[in-house]
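Below is one structure, written out as structure tokens; comments come after it.
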Amino acid sequence: MDRLPYWPFYVQPSVAETLRHLQFVQAYGLYQVAKRFVGTPAFGIETIHTESGEPVPVSVTVVAHTPFCRLLHFSARTCTDNSVRPKLMLCTPQAGHPAALMRAVVRSLLDDSDVYVTEWIDARDIPVEAGALNVNNHVLTLESFMSGLGPGELDVLAICQATVPALAAAARLAASGGPELRSLALMGGPIDARSHPTALGRAARELSREWFAQRCTGRVPLGYAGAGRRVYPGFLQFSAQAGDPSRQVGRFLEAMCHVSRGDVGGIVASVAEVADHSAPLDLPAEFIESTIDVVFRRFLLPRGKWRVDGALVRLDCLRKTRLLTVEGADDAITGAQQTHAAHALCTQIPSPYRDHITLSQCNHYGLFSGNSWSAEVYPMLRRRLAVWRGMVDRD
621 MDRLPYWPFY VQPSVAETLR HLQFVQAYGL YQVAKRFVGT PAFGIETIHT
671 ESGEPVPVSV TVVAHTPFCR LLHFSARTCT DNSVRPKLML CTPQAGHPAA
721 LMRAVVRSLL DDSDVYVTEW IDARDIPVEA GALNVNNHVL TLESFMSGLG
771 PGELDVLAIC QATVPALAAA ARLAASGGPE LRSLALMGGP IDARSHPTAL
821 GRAARELSRE WFAQRCTGRV PLGYAGAGRR VYPGFLQFSA QAGDPSRQVG
871 RFLEAMCHVS RGDVGGIVAS VAEVADHSAP LDLPAEFIES TIDVVFRRFL
921 LPRGKWRVDG ALVRLDCLRK TRLLTVEGAD DAITGAQQTH AAHALCTQIP
971 SPYRDHITLS QCNHYGLFSG NSWSAEVYPM LRRRLAVWRG MVDRD
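Numbering (the numbering used here), first residue to last: 621 to 1015.
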């Protein structure tokens, strides 16, 4: 019988380990109580407005799911609008933050697209019987969703951690002989973490698997659907946020500016952003461990050594997909050239199908939120989507 370390009256190999698990359970319980005050962050996108100011209702449905992830379909159209809109799949990072953190991205993309969003489920709520989720399973999940949406007429936007599995999924689709993705945009992700490693990347590479397992994981206590599942808990992820203090101060100052101007909409947005960053989700421990191993230690994707479901991930199979990479010049989480490295790896994509952008004075979070997203990133992406979809001529 497997030992259940979160039950203190089970036999433990040492008093120290028993005390550690008791401390984990206590901290876990306090964190879950605190999360109830914040509530579950939601997208809260009920309407968008056309350029003429006309409100358009937004519907949200679940169109596919696994025990670990839901694929949400956001659609904005009037009752009389029967047009077929282009499909865009947003691959959100499985990095602890709720998918609702991407609400600004979703709201913007709804201008021109039906948007499909991956929503990763809190590991706290996933029964042990559902099995494990590692980074290879993540690739297979994205591949399945992409295949179901019809790759040949699908644009994909992957952000941060999701860039690596999204690129692998796109390559697997191409290798299968079926239609390739119409386009793939990768933003702020560690495609090749060997380039200009950040403090986060160095820590992931240097800290041993045993160190991480002993100090950063624990089992979900009784009282939750995922009881017994080994997780990297949400409350430990606050330390990672502390590694970007300028961002935390910036949020506070931005909120104060909204208050001083009496900007109710801005105040609501600031409160929502704080809530989004105050309720990190539990992540399956094996997912974090496998990501560290594949992406930050062995660099399997850029070395051409990554096997998923027994098959080598072959980026040279991508030939027709339009590829865009976007980096922030001030990104302290993903190092310079780590995302742009995708171009050197996808050797068979023709030059006219490629583009890369580095945004000055843009940090990691600016790639998908705030003024950087709305004023720089989205207009640039919108223009390129129009070109890829054949709606306008290429510049």
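Glycine included, every Cβ here is placed at the ideal spot set by N, Cα and C.
Note on geometry: alpha-carbon atoms of residue 792 and residue 640 lie some 42 Å from one another. Contact between residue 723 and residue 768 does not hold, since their C-beta atoms are separated by about 24 Å, which reaches or exceeds 8 Å.
Within its own chain, the residues whose Cβ lies closer than 6 Å to the Cβ of residue 695, once the five positions on either side in sequence are excluded, are 679 and 734, listed in chain order. Between residue 854 and residue 900, the gap from beta carbon to beta carbon is short of 8 Å. Taking a contact as a CB-CB distance under 8 Å, the pair residue 708 and residue 777 counts as one, their CB atoms being some 6 Å apart. Exclusion of the five residues before and after residue 829 leaves 909 as the residues of its chain whose Cβ lies within less than 7 Å of its Cβ. Taking the Cβ atoms as the reference, residue 747 lies roughly 5 Å from residue 845, within the contact range of under 8 Å. For residue 808, the three-state secondary structure derived from DSSP is coil.
Across the structure, residue 790 and residue 834 are spaced so that their CA atoms are roughly 35 Å apart. Listed in chain order, the non-local C-beta contacts of residue 706 below 8 Å within the same chain comprise 732, 733, 734, 773, 775, 1005 and 1009, local neighbours out to five positions each way being set aside. DSSP, read as helix, strand or coil, puts residue 671 in coil. Judged by DSSP in its simplified three-state form, residue 660 adopts coil rather than helix or strand.
DSSP, read as helix, strand or coil, puts residue 989 in coil.
Secondary structure remark: continuous alpha helix (DSSP H) runs of at least 4 residues inside the region 694–744, in chain order: 723–729. Leaving aside the five residues that flank residue 946 on each side, the residues in its chain whose CB is nearer than 6 Å to its CB run, in chain order, 807 and 977. The region 797–812 makes contact with the region 954–963, as at least three CB pairs between them are under 8 Å. For a cut-off of 8 Å, the C-beta gap from residue 739 to residue 690 is around 5 Å, short enough to register as a contact.
A distance below 8 Å between beta-carbons, with the five flanking residues on each side excluded, links residue 967 to the following residues of its chain, in chain order: 935 and 936. In the displayed model, residue 747 falls within coil according to three-state DSSP, outside both helix and strand. When DSSP states are grouped into helix, strand and coil, residue 678 belongs to the strand group.
For residue 918, same chain residues with a beta-carbon under 6 Å away, outside a window of 5 residues either side, do not exist.
Looking at the DSSP output, residue 913 sits in no beta bridge, so it has no partner there.
Between residue 969 and residue 960, the alpha-carbon positions lie close to 14 Å from each other. In this structure, the beta-carbon distance from residue 903 to residue 743 falls below 8 Å.
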